[in-house]
Structures are given as structure tokens and as C-alpha cells.
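This note's numbering runs 962 ahead of the 1-based position in the sequence shown. Idealized CB from N, CA, C, for every residue including glycine.
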Amino acid sequence: MRFDRHAFEAKGHLVVPGFIDLHAHLREPGFEDSETIETGRRAALRGGFTTICAMPNTEPPIDSPGLVKELLGRGHGVNGARVHYVATITRGRKGRELADMVELAAAGAVAFSDDGSPVQDPRLFRSALEYARVTGRPVIEHPEDLALSAKGVMHEGTVSARLGLPGIPAAAEETAVARDIALARMTGARLHLTHLSTGGSIDLVRRAKADGLPVTCDVTPHHLAMTDEWVAGSRALAWEVEDEALRAGPYESSTKVNPPLRGRADVRALWAGLVDGTVDAIATDHAPHASVKKEVEFDQAAFGISGFETAVALVLGGVGVHWAALGTVIDALTVGPARVLGIEVPRDDWTVIDRDAEWIVRADEMASKGKNTPLIGRTLTGRVVATVVGGEVAYEGEARVTEAISRR
Ligand code: DOR
């Protein structure tokens, strides 16, 4: 069906350019029990994302030009978001030798990343930035010093101490951000720091930008909306007052994500970074996992939150309490990520939002195979009612106003 913008606007809906996600996991090839290109593309549309970048931590990893070309040819049969593929920085994501970055870019890779297994050797990372510079493509870096994060499973702070869980200190991220910025300064390459989670990281990027370096960054909806108290059972969004009736039990592995949910001051710093332009994009880090990888002890569970389908509601929540203007977050979901990738915002891709729709997050209504979100059962406000790709309505849901969960 062709998109009739006025028909949606007449219903009071907000029509904005289709969202672009710099960071998502589609799990194909290798982990199709967690997600496939097809289910991921459909889940993206339900979240309002019309273009997504798939990360290469698949099996095999996306480290060969042949695989990039093959994947670009897959999954066109169904309605779904447009997909770009991010190729690895190193062969096999092992951090030992560089992948054929020039050939990978020629095959169509949009960026490079060893996401989840960041390149620890600074000399190798320097070379990676030099090759990336030749290709004109950014390096999307997950900044983490693995020696510092070690066996940590949540943010290191008072909550981890209370729960007796090993922590991941803010410094594990911030020392890596500082190293990466120093190497970007040295090489002149485009460095994109993904899913930043601490105020210290935002400060470092703010200074790098002030120095005129080609450094960009993104933050996720979950880091904008949830704190480490969620690991202890809180289910209040960062701008809500604690609600005992909403509380879950502690140690729910759906709250386990890397980087971990941080403290309240960090959450506020991420919003401040969005407002002053330090943060270029909001990216989901959609990380679906089959239940067998999540329904285990907290310390054994995989890191990751299934993020496409709840992203808009989380971000609009912060807008609702004036932590950022609507235009700021829409830019961070559209022109911001397009600029990072060096692509145009597709002209006929649109996302239609009902800002007032109240809905309950239900596992059986999610298009993603990954039901791993601590938001299951929660009422959220703001929902995507239609998504348009190339002028055609590719997804249309009901703007249902569901009954709010009885809170008392
Ligand atoms: O939480 C995460 N999940 N962080 C990562 O860096 C990787 C991702 C995944 O692939 O599941």
C-alpha cells in the first residue's frame, strides 16, 4: 500500500523520517535460534527502524568479502528494514591480524567493528584506523578494556556490592575511550564510539569534538532509561519514582547487558550529551538471545537486551519529562546516524508514531525471536503505528490503547 501521509497526520500521529540504527545483531549466520535476518528486519520495522546496521559477531564472523556480498543478497523477499552489514576489523574477530578491510569495503561493508571483542592491541587498532581511513568508512568501536572489566557482570558500584556480583567499573570503558581518541587523533580516521554508558566517556568525546577530531558516538535507549537498580529488581524508568508494585526479583538476566546499566548520574550525563550535540545517534544494540542463553544464573547468562521494539517508547519517555526536545531525539535516530555512516537519509522512508498510545510489552507480540527484555509486562507510552520503506507501508500495527497494568 502506498503511504498516505495526510491520512496518518489526520489521526494526530507524528510522521518522521525512517529511523536508522547503527548497531544491531541479526545473528545470521550461525545463531538463527536467536534471530534471523528476516525476523530481525521485521522487528526493526515494528520499532520504526527502516535502515539497520548488522554487527559481524556471527558464526562465521563477517570477515570475508564473499560473505558480505552473500548477506547483501539475502532476505529481500519479505517486508523488512534495509540492512547494511558491518564487517569485522580483525580476522575471526580474534584481535590478532587485520581482516581485508579494503576488500570488505569494496564488497559493500558499511563500517568495521569487532563489537563485543574490542581490539585490545593498540598497535593493531592503530593500523585498523589507518586502513579504515583509506576506505573512508568509520570504525565502530565498542570501548572496553577487557582486563579491567574481567569477570564483571554488572556496573561496579553500590548496587553490585549489595548484590554481591562482580562489577564492571566505569573506567573499563573510559580508559578505552581515551585510548581510541588518542589513536583517532594520530591517524585522522573516523572513529565512532558505540553504546557509551558513562558520564566520563561523554566528557572525553565532548573534548575530542571541541578539538575538531572526527570522533562520533551513540547511546542506547536502555542506557538512557534504566539504571543498575534494575538488576536489583527496580522497574522504574530513570525519570519515574520507584514503584514497589512494579518491582521484579533481583538477578533477572534480562537486565544483563554490556556495557552494563549504570548509575543515575551517568544516565543524566548521556541525556546532557544528546542535548549539547556530543552524542550523534541513538542506536539500539538490539541483542536478541534464545531463551536457553538467558534463562540461566545471572553470571552465566549472555549479555544483551532485545531492543528494536521498545526503543521509541523509552526515548519518548525522556522527552516527556523534558530531558531532551523531540527534535533532538528524532535527529539522533535519523540524520545523526546517517551522517556517521556517510549515507543519505532515504527520501521515502517514514516512521509514524502515536505518542499517546499506552501498551504493554508482551513477549508473544514481539516480532524478534529474542524476548530478552526486562520491559516485558511493563506499560509504555508511545508506539510505532506504521513504517514506510520506499514509499510503501511495510508495517502497520494497531494504535491500540491497552489497559494500563493495574499498579495497585
Ligand atoms: O550486551 C551485549 N550484547 N553487548 C555486546 O557487546 C554484544 C551483544 C551481543 O552480541 O549479544
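Taking 3 residues as the shortest admissible run, the segment 1282-1328 contains the following complete beta strand (DSSP E) segments, listed from N- to C-terminal end: 1312-1322. If you look at histidine 985, you'll find it in the beta strand (DSSP E) that goes 981-986. Each of Gly1174, His1284, Gly974 and Arg1008 was checked against the Cα of glycine 1150, and the nearest Cα belongs to Gly1174. Close CB contacts of valine 1219 within its chain, under the 8 Å cut and outside five residues either way in sequence, are with His1184, Asp1247, Ala1249, Phe1265, Gly1266 and Ile1267 (chain order). Given a length threshold of 4 residues, each whole run of the alpha helix (DSSP H) inside the segment 1082-1167 is given here in chain order: 1084-1097, 1108-1111, 1120-1125 and 1132-1149. If you draw a straight line from the Cα of arginine 1003 to the Cα of phenylalanine 970, it comes to about 23 Å. The alpha carbon of isoleucine 1102 has as its nearest neighbour, out of Thr1341, Arg1197, Pro1018 and Val1040, the alpha carbon of Pro1018.
Beta-bridge partners of arginine 1044 (DSSP): Thr1013. For arginine 1345, DSSP records a beta bridge to Asp1316.
In this structure, leucine 1166 lies near valine 1139, with their beta-carbon atoms less than 8 Å apart.
CA-to-CA, the gap between glutamate 1214 and phenylalanine 1260 works out to about 7 Å. Histidine 1104 is classed as buried because its beta carbon has at least 16 other beta carbons within 10 Å across all chains shown. Note that the C-beta distance between arginine 1088 and alanine 1067 is not below 8 Å. According to DSSP, residue pairing for isoleucine 999 in a beta bridge does not occur.
In the three-state reduction of the DSSP assignment, phenylalanine 1074 falls in the strand class.
Relative to the ligand DOR, the beta carbon of aspartate 1261 is positioned no closer than 7 Å to any heavy atom. Closest by C-alpha distance to alanine 1112, out of Arg1168, Gly1129, Ala1123 and Arg1085, is Gly1129. If you look at alanine 1356, you'll find it in the beta strand (DSSP E) that goes 1354-1358.
Here the alpha carbon of threonine 1120 sits roughly 30 Å from the alpha carbon of valine 1081. Around the beta carbon of aspartate 1238, fewer than 16 other beta carbons lie within 10 angstroms, which makes this residue exposed. Proline 1212 sits away from leucine 1337, with the two beta carbons spaced by 8 Å or more.
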